[in-house]
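So the sequence shown is numbered by UniProt numbering: it starts at 1 and just counts up by one.
Beta carbons: idealized from backbone N, C-alpha and C, even for Gly.
Predicted model only: the values in this text are computed from it and were never measured.
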Amino acid sequence: MLYVIIISIVLFILYYTFKKDKDNLEINQFETDLGPKRGTVSERALVSKLSQYGIPSQTIFHDLYLKKYYGKYSQIDLVVPTKVGILVFEVKDYSGWIFGTGYKPQWAQILNYGRDKYYFYNPILQNAKHIDDLKKQLKQFENIPFYSIIVFYGNCSLKEINFVPNNTFVVKSGRVLEVVEKILSESILANYSNKREIVNLLEQAVKNGENNEVILQHSKNINDMLGKERVYN
1 MLYVIIISIV LFILYYTFKK DKDNLEINQF ETDLGPKRGT VSERALVSKL
51 SQYGIPSQTI FHDLYLKKYY GKYSQIDLVV PTKVGILVFE VKDYSGWIFG
101 TGYKPQWAQI LNYGRDKYYF YNPILQNAKH IDDLKKQLKQ FENIPFYSII
151 VFYGNCSLKE INFVPNNTFV VKSGRVLEVV EKILSESILA NYSNKREIVN
201 LLEQAVKNGE NNEVILQHSK NINDMLGKER VYN
């Protein structure tokens, strides 16, 4: 009996060690594939998924800081130029039940079977602003379709999402490739006048995210917009 217990313990230790080494290897490979550790884990997982789907890695622009005006920036999770237009992704990570209406500023996260409720800014409106900021950058964007894709990671359920605008999609991470395939297969080809101009813009926006001064300024701009330091209780 003692012999069986000892063998069981040894086998458990070997299994745990092997699993830990395997997990570490997968994590290292994941980080290597995605390059610098930018953005959230969910964002990097989406980059990897799109790349494995067949979208060329050089056309996946991740963690962009798009320069606007007066030192302000728009931070965008992912932008992917395609043959039918430009896909703009907003990545969220939530648990619980998600309720939202396309035109209302606040969406709700419900936890503990309805006992806890939290509100967050409507990601459809958030990503629409990102697209609007992008369209202002180049004249040719006036004639190019944009597609807004809101991707939810985490253990959440999209319970009731309605009034979703045209060319906008709200999807759980497990089905995001279905949305991408639908857009690519059902949309007409986009009429790009200068692809290099678009690539240059997006590459610069990614490079902006490598600049600590830009990130710090963006954080200051957000804090100033929220104005919490101007509240005295």
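inquiry  = On the DSSP letters alone, give me the boundaries of the beta strand (DSSP E) that residue 81 sits inside.
reply    = 73-82
query = What residue from 49, 59, 63 and 161 has the CA that sits closest to residue 130's CA?
reply = 63
Short Cβ contact (7 Å threshold) for residue 122 with residue 107 = yes
message = Per DSSP, what are the beta-bridge partners of residue 67 in this structure?
response = 73
key: Between the CA atoms of residue 113 and residue 231 - distance to the nearest angstrom   = 34 Å
message = Using C-beta distances below 6 Å, list every residue in its chain close to residue 139, excluding the 5 sequence neighbours before and after it, in chain order.
response = none
message = Less than 7 Å between C-beta atoms, sequence neighbours within five positions excluded: which residues of the same chain meet that for residue 168?
response = 124 and 148
message = Assuming contact is defined by CB atoms lying nearer than 7 Å, are residue 76 and residue 97 in contact in what I supplied?
response = no
task = Pull up the DSSP beta-bridge partners for residue 172, would you.
result = 152
ask   = If you check the beta carbons only, do residue 165 and residue 102 fall under 7 Å apart?
value = yes
request  = Check residue 59 in the structure and name its three-state DSSP category.
outcome  = helix
query = Where does residue 216 fall in DSSP's three states?
reply = helix
inquiry  = Considering only the alpha carbon of each residue, which of 159, 58 and 141 lies closest to residue 95?
reply    = 159
query = So, using beta-carbon positions, are residue 208 and residue 65 closer together than 7 Å?
reply = yes
task = Just mark residue 310 as buried or exposed, buried being the case when its beta carbon has 16 or more other beta carbons within 10 Å.
result = This structure gives no information on residue 310, because the portion of the chain shown stretches from 1 to 233.
request  = Report all residues from its chain with a CB closer than 7 Å to the CB of residue 51; omit the five preceding and five following residues, and keep chain order.
outcome  = 57 and 60
inquiry  = On the criterion of 16 or more Cβ atoms from any shown chain inside 10 Å, does residue 153 qualify as buried, or is it exposed?
reply    = buried
key: Euclidean distance between Cα positions of residue 150 and residue 142   = 22 Å
ask   = With 16 other CB atoms within 10 Å as the buried threshold, where does residue 188 fall?
value = exposed
inquiry  = For residue 227, which residues in the same chain have their Cβ closer than 6 Å to its Cβ, ignoring the five residues on either side in sequence?
reply    = none
key: Cutoff 7 Å; reference residue 133; Cβ partners in own chain excluding five residues on either side   = 66, 68 and 74
key: Best match in 93, 181, 72 and 161 for proximity to residue 53 [C-alpha to C-alpha]   = 181
Range covered by the alpha helix (DSSP H) that runs through residue 43 = 41-53
request  = State the DSSP-derived secondary structure class of residue 146, mapped to helix, strand or coil.
outcome  = strand
task = Within its chain, find whatever has a CB closer than 7 Å to the CB of residue 81; leave out the 5 residues flanking it on each side and keep chain order.
result = 59 and 198
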